[in-house]
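Below is one structure, written out as structure tokens; the observations come after it.
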Amino acid sequence: MFYTTAFNRLFYRIGSKNARLWKIWFTLGIIVTVIIAVCACATLVFLPIRYAYELSQRSDTVSSENLTMTKQNERDKLLIQPIIPGVNVPLDQIVHFFFALLVCTVFHEFGHAVAATAEQVRLNGCGYFLFLLYPGAYVDLNHEQVEMISAYRQLRIYCAGVYHNLVLVLFALGFLLMNPFFVRNFYTETAMVSRVVKESPLAHSLPVYSTIQSIDGCIVNTANDWYQCLRLIRDRRPQDSSGYCLAQAEIQQFSSHTEYNQTINHDCCQNLSQKNYCFLYHLKQHSSEIGACMEARTVTQHPVCFLNSDCQRYGSDSSCVYPFTADNITRLIRISHSQGPSILFVGSINEIYRTITLQSYRAKYNFIPTILITDIPLFFQYVGAFSFALAFFNAVPCYGLDGQYILSALIEYYSPNLHRQHRARLTFALIIGTGLLALNVLLAFVRYFLL
106 MFYTTAFNRL
116 FYRIGSKNAR
126 LWKIWFTLGI
136 IVTVIIAVCA
146 CATLVFLPIR
156 YAYELSQRSD
166 TVSSENLTMT
176 KQNERDKLLI
186 QPIIPGVNVP
196 LDQIVHFFFA
206 LLVCTVFHEF
216 GHAVAATAEQ
226 VRLNGCGYFL
236 FLLYPGAYVD
246 LNHEQVEMIS
256 AYRQLRIYCA
266 GVYHNLVLVL
276 FALGFLLMNP
286 FFVRNFYTET
296 AMVSRVVKES
306 PLAHSLPVYS
316 TIQSIDGCIV
326 NTANDWYQCL
336 RLIRDRRPQD
346 SSGYCLAQAE
356 IQQFSSHTEY
366 NQTINHDCCQ
376 NLSQKNYCFL
386 YHLKQHSSEI
396 GACMEARTVT
406 QHPVCFLNSD
416 CQRYGSDSSC
426 VYPFTADNIT
436 RLIRISHSQG
446 PSILFVGSIN
456 EIYRTITLQS
466 YRAKYNFIPT
476 ILITDIPLFF
486 QYVGAFSFAL
496 AFFNAVPCYG
506 LDGQYILSAL
516 IEYYSPNLHR
526 QHRARLTFAL
536 IIGTGLLALN
546 VLLAFVRYFL
556 L
């Protein structure tokens, strides 16, 4: 936890300069916040009802193979979702996550601080803290001075945080809407390697910022093409994987060892060399497959095929030889890229999927950073989501949140002389609001993790 008075003078200068304009600005904030509060409360009432209805309509005959997909679809449709780093926030987005959350909370408290100084309320200090690893900020106002001003002026202060969060949502949304303009005018569509994990088997052979051209004969033009090709290769049976067209003379020339009675679990190379790989092919005069141990790089430089008939254009004696695998996981995969010779990878396709990240655009000019269409849009997505969540929850009349003080000031404004009724109404509304919020948060966790 950190506390400082170093920014008091800065906030005073900002709030006292053009104080009249600030009051107009924060008066608009009252209207916006009250509308958001009504919508938030209505949403919190509606969501449990909708969930109860969906639960009553849910079929008990959902097949086991569709169960996982159904759960994921339901999670994606949740309006309120728990956000936990490492669970539903990828670890490589942790910096974006925490920095966006810090910006949202600071901008929220900035609104309270400026509104208070514009109303001539003294600011004691401000600070930030960590709650269960989540960053937050706060401002320490002189509460005696706040209680002395009118309820209407209090509303300007209490509504400022929610209002500023909504302004931040609009700013983030504006940037995200403008991002396609930057993409069209300053970037070209491609399949560029943006990240290779250090533990990746391709870490030393596939350069970052290189352009992927093809993988196992599957043409790659964008990042989406890359992932579609990976899924296509993964879903193929080994015997249906792509091969290479070689003439019989070439097979005999390149083969260091040949197995005429190749079995399913037998590697015809028998680990003779790291450069060699076992390839299988058919001949009309042989009923069984033939295994030929050949240098992998030499073979993979030949035309790609799937059937023997694909190779007839290269000669009547050409055969489609395809890589041998003793299981359904290990593959021989050829990756063509722009910054060197093709890469030969032997292993699981999932290793490539997990350890290599591509992006679909490259800057047209060297001075334009790539983060304009990668990290910055992701950051603003988090800013928009977190800022809206802060505005939504703080607008609800709930103990400990801005909604508690907003409701108190509203009741005081409309019935300033009914102090006893004021306290009773406030207590009743806070109990209802806190209960609704707690119920919805509990349902969000239950639906996300248990159902």
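The numbering of the sequence shown is my numbering, which starts it at 106 and goes up by one. Even for Gly, the Cβ is constructed at its ideal location relative to N, Cα and C.
Query                                                                                                                                                 : Result
How would you write the range of the alpha helix (DSSP H) that Ala-431 sits in, first residue to last?                                                : Counting along the chain, Ala-431 falls outside any alpha helix (DSSP H), and DSSP gives it neither H nor E.
Only counting the same chain, and skipping five residues up and downstream in sequence, which positions put a Cβ closer than 7 Å to that of Asn-113?  : Leu-228, Gly-230
In whole angstroms, what separates the C-alpha of Ser-423 from that of His-387?                                                                       : 10 Å
Is it buried or exposed, Leu-246, if we count other Cβ atoms within 10 angstroms and call 16 or more buried?                                          : buried
Any idea if Ser-121 is buried or exposed, counting beta-carbon neighbours within 10 angstroms, 16 or more meaning buried?                             : exposed
Within the continuous beta strand (DSSP E) that includes Ile-476, where are the two ends?                                                             : Premise fails: Ile-476 is in no beta strand (DSSP E) and is neither H nor E.
Here's the rule I'm using: 16 or more other beta-carbon atoms within 10 Å means buried, otherwise exposed. How should His-309 be labelled?            : exposed
Over the uninterrupted beta strand (DSSP E) stretch that includes Ala-308, give me the two end residues.                                              : That residue, Ala-308, is in no beta strand (DSSP E); it is neither H nor E in DSSP.
Is DSSP giving Met-283 helix, strand or coil here?                                                                                                    : helix
Would the region 288-295 and the region 500-518 be scored as touching if the rule is three or more Cβ pairs under 8 Å?                                : no
Are there three or more Cβ pairs, one per stretch, closer than 8 Å when the region 312-319 is compared with the region 478-491?                       : no
Is it the case that the Cβ atoms of Leu-237 and Asn-545 are separated by a distance below 8 Å?                                                        : no
Does the distance from the CB of Tyr-427 to the CB of Ser-360 come in under 8 Å?                                                                      : no
Taking only three categories from DSSP, how would you classify Phe-107?                                                                               : strand
Should Arg-134 be labelled buried (16 or more other beta-carbon atoms within 10 Å of its own) or exposed?                                             : Checking the displayed sequence, the identity of residue 134 turns out to be Gly instead of Arg. That one is buried.
What does the Cβ neighbour count give for Glu-214, buried or exposed, with the cut at 16 atoms within 10 Å?                                           : buried
Between Tyr-233 and Tyr-510, how many whole angstroms is the CB-CB distance? I'm expecting something under 8 Å.                                       : No, Tyr-233 and Tyr-510 are not in contact; Cβ-Cβ is about 21 Å, not under 8 Å.
Cβ atoms of Ala-549 and Gln-186: under 8 Å apart, would you say?                                                                                      : yes
If you drop the 5 nearest sequence neighbours on each side, which residues of the same chain put their C-beta closer than 7 Å to that of Asp-372?     : Cys-383, Phe-429, Ala-431
Let me know the beta strand (DSSP E) ranges lying completely inside the region 399-468, each 3 residues or longer, listed in chain order.             : 423-428, 435-442, 448-453, 461-468
Check whether the Cβ atoms of Ile-448 and Leu-351 sit closer than 8 Å, and answer yes or no.                                                          : no
Can you tell me where the beta strand (DSSP E) holding Ser-299 begins and where it ends?                                                              : 292-301
Cα separation between Gly-452 and Thr-435?                                                                                                            : 4 Å
DSSP puts His-362 in a beta bridge; with which residues?                                                                                              : Cys-398
Can you tell me the Cα-Cα spacing of Thr-173 and Gly-508, whole angstroms?                                                                            : Note on Thr-173: pLDDT 46, under 50, position unreliable in the model; the coordinate value appears next. Cα to Cα, Thr-173 sits roughly 38 Å from Gly-508.
Of the residues Pro-285, Ala-218, His-362, which one's Cα is nearest the Cα of Gly-396?                                                               : His-362
First and last residue of the alpha helix (DSSP H) that includes Tyr-117?                                                                             : 113-121
If you check the beta carbons only, do Pro-240 and Thr-210 fall under 8 Å apart?                                                                      : yes
Could you tell me which residues DSSP puts in a beta bridge with Leu-512?                                                                             : Beta-bridge pairing links Leu-512 to no other residue.
Taking Tyr-466 and Ile-478 to be in contact with their CB atoms under 8 Å, please state how far apart those CB atoms are, rounded to whole angstroms. : 6 Å
Should Gly-279 be labelled buried (16 or more other beta-carbon atoms within 10 Å of its own) or exposed?                                             : exposed
Report yes if the CB atom of Thr-460 is closer than 8 Å to the CB atom of Ser-305, and no otherwise.                                                  : yes
Considering only the alpha carbon of each residue, which of His-442, Ala-543, Gln-353 lies closest to Ser-421?                                        : Gln-353
My output table needs one value for Thr-327: the three-state DSSP class, helix, strand or coil.                                                       : coil
Taking just the CA atoms, how far does Val-313 sit from Gln-564?                                                                                      : The requested residue 564 is not part of the displayed model; the chain covers only 106 to 556.
Would Ala-142 and Ala-500 qualify as a contact pair, given that the criterion is a beta-carbon distance under 8 Å?                                    : yes
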